[in-house]
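Asker: Mind having a look at this structure? Questions to follow.
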Amino acid sequence: MYYSFFEIFSIGVGPSSSHTVGPMRAAKRYIDNLHQKELFNKVERVEAVLYGSLALTGFGHGTVKAIVYGLMGLEAEAIDPEKPYVAAVERDKILHLGQERAIAFDINKDVIFEKETFLPEHSNGMRFKSYDRDGNILLEEVYFSVGGGTIARQDEIARRVERQPYNVPYDYSSAEELLAICEKENLSIADVVMINESALRSHDEVMAGIAKIRRVMQNSIDRGMKAKGTLPGGLNIPRRAHEIYERLEQKFRDNDYDPLLMVDWINLWGFAVAEENATGGQIVTAPTMGSAGIMPAVLRYFERFASHKSNNDVETGVVKYLLTASGICSLYRSNASISGAEVGCQGEVGVACSMAAAGLVAAMGGSYKQVENAAEIAMEHNLGLTCDPIGGLVQIPCIERNAMGAVKAVNSARIAMKGDGTHYVPLDDVIKTMLDTGRDMNNKYKETSLGGLAVNVPNC
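Its first residue numbered 1, the sequence shown is counted upward by one per residue in our numbering.
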């Protein structure tokens, strides 16, 4: 089933799309449903219960704050992380429900962590309950954050999406189907996505949306390169991007030639965005926040180092890069998962790496067969990647993993561009393998901070 460009790429605040943006949207949707059922004015108390991965890593991933934002009726894209919304709730024990009604709310009592319970549908489960003045339940709903900020209610989760299929000219559910469309219609993957998007909204809206996504990606790099200090959360990890940037600038001033210098720049851009994410800054889910540094880093690599060698001008190349990456991600969302809590980090960094590799080939003027090959190469070498954040924070190993994923994406694209697109392992098979691997993976390696680096490295 086709996923829209604007489902793949959305703007929000870090540090986690599944643990921050998703819960925020679920809580907001719950409040909207109270309105629709004409129950809103009867609410005297609200309770949120977090299960599984959300409970185990909720504090480090900002889930509690996200729940408060959502219950206040705030939108993920419009949230101002500088405003002390949550601090005021903690201090006053008052929540402005939907920004309309003040009710008593004690974060320590009304947000409940069920760390031992994993709901069968998905690792990222949450239950909302509201009560009237007599203690009667007004509305109880269970939601799941399924990756990339996408949510599904319990009655929707079997379909893995929160909506009906789009009515688009070129719907597809596999890479085989997508390539067949390209072959039959003489279209690139970017063309297919653009035609579909233009059926959902005007062409001008699509182009404006692409430009906005690009702008937020670029801004997150620039802010990350300038920022100094220590990352929040208690690990006391210093921000490194600014120091790396200064060293690279000095190399440029000294005319210090290094044949691998562009790798350092790619690493820098990946660090910059990942550090912005870790501090709760505004970034683009691409396809998740934990992997948000990969797409921007490879995009800037194309603009700064590779565009002059491509068959496209910079602006055309950027559009093809983003549209193609979206088209590839749609396959992962339809047939596997982009949730670290469901399949490990192969579903986050692995998918982002696959998207970026595919997009770079398209931007460089490669064929749709070479695009599919690049996407396959990138994921093949991320299979089995675990999600084991130390302290439940999106910092170690997540930040370096973004830099590594970006470099791997560039290399995957270069390998694919050296051939004609003919290869042995189809992308569909790799996507299925990724899902199978994720299902077989022990829960302690899937965004629970119960295994791997999270337990073997002292958390001081």
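C-beta atoms are modelled at their ideal positions from N, C-alpha and C, and glycine is treated no differently.
Counting Cβ pairs closer than 8 Å, one from the stretch 348-355 and one from the stretch 405-413, do we hit at least three?
Answerer: In short, these stretches touch, since the Cβ pair count reaches three.
Asker: Identify which residue in Ala-336, Glu-141 and Ala-211 has its Cα closest to the Cα of Ser-319.
Answerer: One detail in the question is off: residue 319 reads as Val in this sequence, not Ser. Closest option to Val-319, Cα to Cα, is Ala-211.
Asker: Within the same chain, show all residues whose beta-carbon is closer than 6 Å to that of Cys-329, passing over the 5 residues directly before and after it, in chain order.
Answerer: The residues are Ile-8, Pro-287 and Met-355.
Asker: What does DSSP give as the partner residues of Glu-348 in its beta bridges?
Answerer: According to DSSP, Glu-348 bridges with nothing at all.
Asker: Using only CA atoms, which one of Thr-324, Gly-125, Thr-386 and Glu-348 lies nearest to Ala-357?
Answerer: Per the Cα distances, Thr-324.
Asker: Using a 10 Å radius around the Cβ and a threshold of 16 neighbouring Cβ atoms, would you call Ala-341 buried or exposed?
Answerer: Label assigned to Ala-341: buried.
Asker: Once you ignore the five residues that flank Ala-272 on each side, which residues in its own chain have a CB closer than 6 Å to its CB?
Answerer: Excluding positions up to five away in sequence, the list reads Ile-221, Gly-224, Met-225 and Ala-241.
Asker: Near Val-142, what residues of its chain come up, given a Cβ to Cβ distance below 6 Å and the 5 sequence neighbours on each side ignored?
Answerer: Result list for Val-142: Arg-127 and Gln-154, in chain order.
Asker: Pick helix, strand or coil for Thr-324, following the three-state DSSP scheme.
Answerer: DSSP places Thr-324 in helix when its eight states are reduced to three.
Asker: Take the Cβ of Glu-315 as the centre, count every other Cβ of all protein chains shown within 10 Å, and call the residue buried at 16 or more, exposed below.
Answerer: Under this definition Glu-315 is an exposed residue.
Asker: Taking only runs of the alpha helix (DSSP H) that begin and end inside the stretch 188-246, which ones reach a length of at least 4 residues, in chain order?
Answerer: Complete alpha helix (DSSP H) runs here, min 4: 189-200 and 203-226.
Asker: When DSSP labels each residue in this structure, what does Tyr-85 get in the three-state scheme?
Answerer: Helix, per DSSP.
Asker: Assuming Ile-157 and Glu-197 form a contact by the criterion Cβ under 8 Å, report the distance between their Cβ atoms to the nearest whole angstrom.
Answerer: Contact doesn't hold; Cβ gap of about 26 Å is too wide.
Asker: Terminal residues of the continuous beta strand (DSSP E) containing Phe-144?
Answerer: It spans 137-147 - the beta strand (DSSP E) in which Phe-144 sits, taken as one unbroken run.
Asker: Tell me the residue span of the alpha helix (DSSP H) that contains Asn-411.
Answerer: Segment 398-417, the alpha helix (DSSP H) holding Asn-411.
Asker: Let me check one thing: in DSSP terms, what residues is Ala-48 bridge-paired to?
Answerer: Ala-48 is bridged to Val-111 and Phe-128.
Asker: Looking only at its chain, what residues have a beta carbon closer than 8 Å to the beta carbon of Asp-132, apart from the 5 residues adjacent to it on each side?
Answerer: Hits under 8 Å: Lys-42, Val-43, Glu-44 and Leu-138.
Asker: Which full runs of the alpha helix (DSSP H) of 4+ residues lie inside the stretch 252-307, going along the chain?
Answerer: Runs of the alpha helix (DSSP H) inside the stretch 252-307: 261-278 and 294-301.
Asker: Are there any heavy atoms of the ligand SAH lying less than 7 Å away from the beta-carbon of Asn-373, as far as the coordinates show?
Answerer: Ligands displayed in this structure: none; no statement on the ligand SAH is therefore possible.
Asker: At what residues does the beta strand (DSSP E) containing Ile-11 begin and finish?
Answerer: First-last of the beta strand (DSSP E) with Ile-11: 10-13.
Asker: Taking buried to mean at least 16 other C-beta atoms within 10 Å of its own C-beta, is Pro-296 buried or exposed?
Answerer: Label assigned to Pro-296: buried.
Asker: Please specify which runs of the alpha helix (DSSP H), each continuous and at least 4 residues long, are wholly inside the stretch 337-388, giving them in chain order.
Answerer: Those alpha helix (DSSP H) runs which fall completely within the stretch 337-388 and span 4+ residues are 340-343, 349-363 and 368-380.
Asker: My output table needs one value for Lys-37: the three-state DSSP class, helix, strand or coil.
Answerer: Here Lys-37 sits in coil by DSSP.
Asker: Below 8 Å on the Cβ atoms is my contact criterion, and I expect Ile-31 with Leu-97 to pass it. Report the Cβ-Cβ distance as a whole number of Å.
Answerer: That pair is a contact at about 7 Å.
Asker: According to DSSP, is His-96 part of a helix, a strand, or is it coil?
Answerer: Correct three-state label for His-96: strand.
Asker: Any chance the stretch 109-116 sits against the stretch 8-18, with 3 or more Cβ pairs inside 8 Å?
Answerer: Because the criterion of three Cβ pairs below 8 Å is not met, the stretch 109-116 and the stretch 8-18 do not touch.
Asker: In whole angstroms, what is the alpha-carbon distance linking Val-284 and Asp-134?
Answerer: About 43 Å.
Asker: Ends of the beta strand (DSSP E) at Ala-76?
Answerer: Neither: Ala-76 is in no beta strand (DSSP E) and is coded neither H nor E.
Asker: Tell me whether Arg-91 sits in a helix, a strand or coil according to DSSP, three-state version.
Answerer: Three-state result, Arg-91: helix.
Asker: In whole angstroms, what separates the C-alpha of Ser-174 from that of Asp-428?
Answerer: Between Ser-174 and Asp-428, the C-alpha separation is close to 6 Å.
Asker: Using the Cα positions of Ile-415 and Asn-267, report the straight-line distance between them to the nearest angstrom.
Answerer: Rounded to the nearest angstrom, the two C-alpha atoms are 19 Å apart.
Asker: Just the Cα atoms here: how many angstroms apart are Met-441 and Asn-312?
Answerer: So the two alpha carbons sit approximately 41 Å from each other.
Asker: DSSP three-state label for Arg-133, please.
Answerer: Three-state DSSP puts Arg-133 in coil, outside helix and strand.
Asker: So what does DSSP say about Thr-63, is it helix, strand or coil?
Answerer: Reduced to three states, the DSSP call for Thr-63 is helix.
Asker: Here's the rule I'm using: 16 or more other beta-carbon atoms within 10 Å means buried, otherwise exposed. How should His-19 be labelled?
Answerer: Classification of His-19: buried, given that the 10 Å Cβ count is 16 or more.
Asker: So the candidates are Thr-386, Gly-419 and Glu-140; which of them puts its Cα closest to the Cα of Lys-444?
Answerer: The candidate whose alpha carbon is nearest that of Lys-444 is Thr-386.
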